[in-house]
Amino acid sequence: LWQERLLPSGFVVLGAARSQLDDQQFRLRLKEGVAKFSRRSFSEKAWEKFSENVFYESVDGQVSKDFVRLKTRLESLGQLRAQTFNYLFYLAVSSSYYGDIAANLNQAGLIEKPGQGRRATYLLVEKPFGIDRASARVLNQRLREHFFEEQIFRIDHYLGKETVQNILVFRFANGIFEPLWNRNYIESIQISMAEEIGVGSRASYFDQAGILRDIVQNHLLQIMALLCIEPPISLNDPDSIRNEKVKVLRSVRKFGEAEILKGTVRAQYEEGFIFGEPVPAYRHEKGVGADSNTETYCALKLEIDNWRWSGVPIYIRAGKRLPKRITEVAVYFRRAPTALFEGRQVGEIEPNVLAIQVQPDEGISLRIESKPPGPRLRVMPVDMDFRYGSSFGALSADAYERLLLDAMNGDPTLFTRDDEIDQSWSLLDPVLEMWRDGAVKLHGYEAGTWGPSAADELLLQNGQRWRNL
Ligand SMILES: NC(=O)c1ccc[n+]([C@@H]2O[C@H](COP(=O)([O-])OP(=O)(O)OC[C@H]3O[C@@H](n4cnc5c(N)ncnc54)[C@H](OP(=O)(O)O)[C@@H]3O)[C@@H](O)[C@H]2O)c1
2 LWQERLLPSG
12 FVVLGAARSQ
22 LDDQQFRLRL
32 KEGVAKFSRR
42 SFSEKAWEKF
52 SENVFYESVD
62 GQVSKDFVRL
72 KTRLESLGQL
82 RAQTFNYLFY
92 LAVSSSYYGD
102 IAANLNQAGL
112 IEKPGQGRRA
122 TYLLVEKPFG
132 IDRASARVLN
142 QRLREHFFEE
152 QIFRIDHYLG
162 KETVQNILVF
172 RFANGIFEPL
182 WNRNYIESIQ
192 ISMAEEIGVG
202 SRASYFDQAG
212 ILRDIVQNHL
222 LQIMALLCIE
232 PPISLNDPDS
242 IRNEKVKVLR
252 SVRKFGEAEI
262 LKGTVRAQYE
272 EGFIFGEPVP
282 AYRHEKGVGA
292 DSNTETYCAL
302 KLEIDNWRWS
312 GVPIYIRAGK
322 RLPKRITEVA
332 VYFRRAPTAL
342 FEGRQVGEIE
352 PNVLAIQVQP
362 DEGISLRIES
372 KPPGPRLRVM
382 PVDMDFRYGS
392 SFGALSADAY
402 ERLLLDAMNG
412 DPTLFTRDDE
422 IDQSWSLLDP
432 VLEMWRDGAV
442 KLHGYEAGTW
452 GPSAADELLL
462 QNGQRWRNL
């Protein structure tokens, strides 16, 4: 952001954690991180300039007197820059600290009400937001004791990805797709998130959470909501998009016992091979209990009960230790009538599929049937392809770049509102409960494969198949 001159003039970054570091030591740590992870090649000269704006103060989020020091430091940095800063407090810590930190910020007089003080004050929090609806509500209540909803920015970094934002442009800036965007023309939708990695260093967190909480409750339901919204009234008002997303989430048919038994699949990976290398079973991963029943794969069938989507199954799957890393939305259109080709050996006529790839190569492709060259009449699918990298000659910015910038500008459009989170948990809580009680079998799947056969059967019930990713 700094290199693209997108940061406000006179900005400072003040790092705060318990470790005793001085500014210089903190800058060195950040420098290592930037050199390792930046999408640009590292420039010593640019770093020198940027790092003059970086400072550090040792603060324990649970110790209120530390916030007095934090306030003094912020004020002295303001004097140094001769300006009144807006404050964006970014809590990149476990959510168990959010409540205490918000209370301590308030007690130190660091929070100003919107429109009433000299400065804007925002709070940026990480995911996950709660582990179920009850805990999310408690967390929300604690934040709302000190902040107004419009000051709270809850990160779902998928919303910062270009392709996810492009869903809106794609639907509403093209005349040809929106008329087809409903149950009359769309047969089904698949939303898939696959990764080849296991749990790595996040085992203790993941083993408590499972993939339904970690990926589906937030990222994949957010993608579904955006994909299925009604046209918002305006793009200038952040709430009009979020109002439409909430409507979608509220319209998803509730999971009763029968839907959970028939329409959800949970599974855990066993040992296998990833890119030819042997990998252990989930239960043998470091930090995972030998008797863990946490799901590393899940598949669900949802339905949105409204006029636009009624009867269109939406299949969602997410898994670890699958053959590759990919997140994709696939919209299957209804097949064309095939009577014309009867009696001719033209090959199978496939449905048109619109595939929106969210990662790693952001892009959109449309599968259409076509005639290959030659004297025989045959039908073959081909892809019309758009890739961000090749079409725009530039790689997309990292989702966090966009989200941090929006939060600094006070634009909450791409952040999740409290009622969206509440709806997502309401939908999945009954599933989580039945899974926890062991009412739905935990399947196994070999690492490096596309998950358990039970997930294939979920689609076969409707004569469909998962897309080959
Ligand atoms: N890691 C991921 O892949 C990932 C993915 C998605 C979301 N998130 C979310 O991002 C947040 C941060 O994750 P993380 O993996 O970076 O966590 P982490 O490794 O636990 O890092 C926490 C940081 O917070 C500081 N900290 C811990 N307790 C503190 C306290 N009482 N007061 C002040 N600072 C404290 C720590 O530094 P000191 O020890 O010096 O205090 C450390 O720098 C979490 O909410 C997590 O759920 C992480």
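For the sequence shown, the numbering used here gives the first residue as 2, with consecutive numbering after it.
Just so you know, even glycine gets a beta-carbon here, dropped at the ideal spot from N, CA and C.
beta-carbon residue i near ligand 1 non-hydrogen atom, thresh 7 Å
{"i": "Gly-62", "result": "yes"}
{"i": "Ser-189", "result": "no"}
{"i": "Lys-255", "result": "no"}
{"i": "Ser-95", "result": "yes"}
{"i": "Tyr-57", "result": "no"}
{"i": "Ser-20", "result": "yes"}
{"i": "Glu-286", "result": "no"}
{"i": "Glu-127", "result": "yes"}
{"i": "Tyr-88", "result": "no"}
{"i": "Arg-40", "result": "no"}
{"i": "Arg-120", "result": "no"}
{"i": "Tyr-333", "result": "no"}
{"i": "Tyr-98", "result": "yes"}
{"i": "Arg-203", "result": "yes"}
Presumed contact (8 Å Cβ cut-off) between residue i and residue j, rounded CB distance
{"i": "Arg-309", "j": "Asn-183", "result": "5 Å"}
{"i": "Ile-357", "j": "Glu-329", "result": "7 Å"}
{"i": "Leu-144", "j": "Leu-124", "result": "7 Å"}
{"i": "Leu-428", "j": "Val-313", "result": "Contact doesn't hold; Cβ gap of about 17 Å is too wide."}
{"i": "Pro-453", "j": "Tyr-316", "result": "The Cβ separation is near 14 Å, so there is no contact."}
{"i": "Ser-59", "j": "Ser-20", "result": "7 Å"}
{"i": "Cys-229", "j": "Val-249", "result": "5 Å"}
{"i": "Gly-449", "j": "Ala-268", "result": "Contact doesn't hold; Cβ gap of about 14 Å is too wide."}
{"i": "Phe-471", "j": "Pro-232", "result": "Nothing can be reported for residue 471: it is not among the residues displayed for the chain, which extend from 2 to 470."}
Buried versus exposed call for residue i [16 or more other C-beta atoms within 10 Å across all chains shown]
{"i": "Pro-361", "result": "exposed"}
{"i": "His-147", "result": "buried"}
{"i": "Gly-375", "result": "exposed"}
{"i": "Met-409", "result": "buried"}
{"i": "Asn-219", "result": "buried"}
{"i": "Ala-83", "result": "exposed"}
{"i": "Thr-265", "result": "buried"}
{"i": "Thr-339", "result": "exposed"}
{"i": "Arg-388", "result": "exposed"}
{"i": "Phe-90", "result": "buried"}
{"i": "Pro-129", "result": "buried"}
{"i": "Glu-296", "result": "buried"}
{"i": "Ala-93", "result": "exposed"}
{"i": "Ala-337", "result": "exposed"}
{"i": "Phe-68", "result": "buried"}
{"i": "Lys-302", "result": "buried"}
{"i": "Gly-34", "result": "exposed"}
{"i": "Asp-412", "result": "exposed"}
Sheet register partners of residue i (DSSP bridge)
{"i": "Pro-382", "result": "Glu-370"}
{"i": "Leu-125", "result": "Tyr-91 and Phe-154"}
{"i": "Cys-299", "result": "Arg-267 and Ala-319"}
{"i": "Ala-18", "result": "Ser-59"}
{"i": "Met-194", "result": "Ala-319 and Thr-328"}
{"i": "Gly-364", "result": "Gln-358 and Arg-388"}
{"i": "Val-280", "result": "Gly-273"}
{"i": "Pro-239", "result": "According to DSSP, which records beta bridges pairwise, Pro-239 is partnered with nothing at all."}
{"i": "Pro-233", "result": "The partner list for Pro-233 (beta bridge, DSSP) is empty, contrary to what the question assumes."}
{"i": "Glu-447", "result": "Glu-271"}
{"i": "Val-253", "result": "Ile-305"}
{"i": "Pro-314", "result": "Glu-304"}
{"i": "Ser-189", "result": "Tyr-333"}
Counting pairs of Cβ atoms below 8 Å between the region 238-249 and the region 257-268, do you hit three or more?
no
So, do the region 114-131 and the region 147-157 have three or more beta carbon pairs nearer to each other than 8 Å?
yes
Are at least three pairs of beta-carbons, each pair with one atom in the region 372-389 and one in the region 206-223, less than 8 Å apart?
no
Inspect the CB distances between the region 100-117 and the region 64-83 and report whether three or more fall short of 8 Å.
yes
Tell me whether the region 317-326 and the region 180-196 touch, counting them as touching only if at least three CB pairs, one residue from each stretch, are closer than 8 Å.
yes
Touching by the beta-carbon criterion (3+ pairs, under 8 Å), the region 458-469 and the region 279-297:
no
State whether the region 49-56 contacts the region 86-97, with contact taken as three or more CB pairs (one from each stretch) at a distance under 8 Å.
no
Is the number of C-beta pairs between the region 342-355 and the region 363-370 that are closer than 8 Å three or more?
yes
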